[in-house]
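Numbering (our numbering), first residue to last: 416 to 478. Below is one structure, written out as structure tokens; comments come after it.
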Amino acid sequence: MAFAATNTQAPLGAVATLRVVDSIFNLKNSVVAWNEARVTHKLLSRLSTEQLEDIGLTRADLF
Numbered sequence: 416m417a418f419a420a421t422n423t424q425a426p427l428g429a430v431a432t433l434r435v436v437d438s439i440f441n442l443k444n445s446v447v448a449w450n451e452a453r454v455t456h457k458l459l460s461r462l463s464t465e466q467l468e469d470i471g472l473t474r475a476d477l478f
């Protein structure tokens, strides 16, 4: 019983599985961030120069 309380090793393969799952989540988060940036750029590109100036941006800021 004392051995079970002091055994802190992860089960066989748990670390590798965690790394794979973390990699998948990181990939998903990267795709979500890329898509949000793409949508924002697309919307800002539709604004006129005057509208961009109203919000403190220039055309050069979009690229």
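Cβ atoms here follow ideal geometry from the backbone N, Cα and C, with glycine treated the same way.
Straight-line Cα distance separating residue j from residue i
| i | j | result |
| --- | --- | --- |
| Val435 | Ala452 | 26 Å |
| Leu472 | Glu465 | 9 Å |
| Leu442 | Trp449 | 11 Å |
| Ser438 | Ser445 | 10 Å |
| Leu427 | Phe440 | 22 Å |
| Val447 | Ala475 | 24 Å |
| Leu458 | Ala425 | 48 Å |
Cβ shell of residue i (< 8 Å), same chain only, five flanking positions each side left out
| i | result |
| --- | --- |
| His456 | Leu477 |
Cβ shell of residue i (< 7 Å), same chain only, five flanking positions each side left out
| i | result |
| --- | --- |
| Ser460 | Leu477 |
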